[in-house]
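The numbers in full-length UniProt numbering rise by one with no breaks, and the one at position 140 of the sequence shown is 140.
C-beta atoms are modelled at their ideal positions from N, C-alpha and C, and glycine is treated no differently.
Below is one structure, written out as structure tokens; comments come after it.
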Amino acid sequence: MKGVERPVWKQQPQHDVFAGASPAELQEILIRQCDAIHTSVDTTEMADLPDVLAAALERFGSSPAVYWSDDRFADFGVDQVMDSLDESKAWTDENREEMTRFAERAKIGVTFSDITLAESGTVVLFSAPGKGRAVSLLPEVHIALIPRSTIVPRMTQAAAEIHRRRKENGTVPSCVNFISGPSNSADIEMRLIVGVHGPISAHYIIIEDA
Numbered sequence: 001m002k003g004v005e006r007p008v009w010k011q012q013p014q015h016d017v018f019a020g021a022s023p024a025e026l027q028e029i030l031i032r033q034c035d036a037i038h039t040s041v042d043t044t045e046m047a048d049l050p051d052v053l054a055a056a057l058e059r060f061g062s063s064p065a066v067y068w069s070d071d072r073f074a075d076f077g078v079d080q081v082m083d084s085l086d087e088s089k090a091w092t093d094e095n096r097e098e099m100t101r102f103a104e105r106a107k108i109g110v111t112f113s114d115i116t117l118a119e120s121g122t123v124v125l126f127s128a129p130g131k132g133r134a135v136s137l138l139p140e141v142h143i144a145l146i147p148r149s150t151i152v153p154r155m156t157q158a159a160a161e162i163h164r165r166r167k168e169n170g171t172v173p174s175c176v177n178f179i180s181g182p183s184n185s186a187d188i189e190m191r192l193i194v195g196v197h198g199p200i201s202a203h204y205i206i207i208e209d210a
């Protein structure tokens, strides 16, 4: 708004949390937090990612599996891993009803994290063509592939990155999802119930690309 200036706060402690942490240190913070949010973790180098993903898929039941239509699957060398499953589909927007029904009965959904919050164990998923929300919401298991270069300390840096992209591109994705592990609810009798509003299990694969 014209004539309105952003206030300068005297204290801004949000910028000090994990300030100066290296990529390896942020990775360790993320792994510790994943234990608290009931999320299993694998770490791998790029060259071993296909084998690590294949083992994780086997551990969680392999198929049916649904995954994003995302160039990173080819870039990271795991597109053939997904294609080799007995039953798998890359999400397409042409027939949403059919894809949604497939995602509903899928055992596993696989996505890439666009930004990853170490403090809370949160993956941030940007909507885009070929990246349906159903992939991370409807299957029993959500596997998130996390390039280590996407890990930031906390929400502060994620918000700054989204703001940067808006200024650079003139827009932001229509939907930005912040997902911390599997679906958890404890609003009834303060008893933790897993899987009420989404996946029962979450698994992160951290890829050491940085």
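Query: Using the three-state DSSP reduction, which class does lysine 89 fall into: helix, strand or coil?; Result: strand
Query: Using the three-state DSSP reduction, which class does threonine 171 fall into: helix, strand or coil?; Result: coil
Query: Distance, Cα to Cα, histidine 142 vs threonine 122?; Result: 13 angstroms
Query: In the stretch 3-55, which residue ranges form an unbroken beta strand (DSSP E) of at least 3 residues, counting only runs that do not cross its ends?; Result: 39-45
Query: With distances taken Cα to Cα, identify the nearest neighbour of histidine 38 among Glu5, Ala158 and Gly195.; Result: Gly195
Query: Let me check one thing: in DSSP terms, what residues is glycine 109 bridge-paired to?; Result: Val66 and His142
Query: Is isoleucine 206 near isoleucine 162, with beta carbons less than 8 angstroms apart?; Result: no
Query: Shortest alpha-carbon distance to glycine 77 belongs to which of Asp51, Val66, Gly61 and Trp68?; Result: Asp51
Query: What residue from Ser180, Lys107 and Ala36 has the CA that sits closest to leucine 57's CA?; Result: Lys107
Query: DSSP three-state call for histidine 197: helix, strand or coil?; Result: coil
Query: Measure the Cβ-Cβ separation of threonine 111 and alanine 134 and say whether it is below 8 angstroms.; Result: no
Query: Tell me the rounded alpha-carbon separation between valine 5 and alanine 54.; Result: For clarity, residue 5 is glutamate in the given sequence; the question names valine instead. In a straight line, the C-alpha of glutamate 5 is about 52 angstroms away from that of alanine 54.
Query: Go ahead and pull the three-state DSSP assignment for phenylalanine 60.; Result: coil
Query: Look up glycine 122 in the DSSP assignment and give the residues it is bridged to.; Result: Note that residue 122 corresponds to threonine in the displayed sequence, not to glycine. The partner list for threonine 122 (beta bridge, DSSP) reads Leu117.
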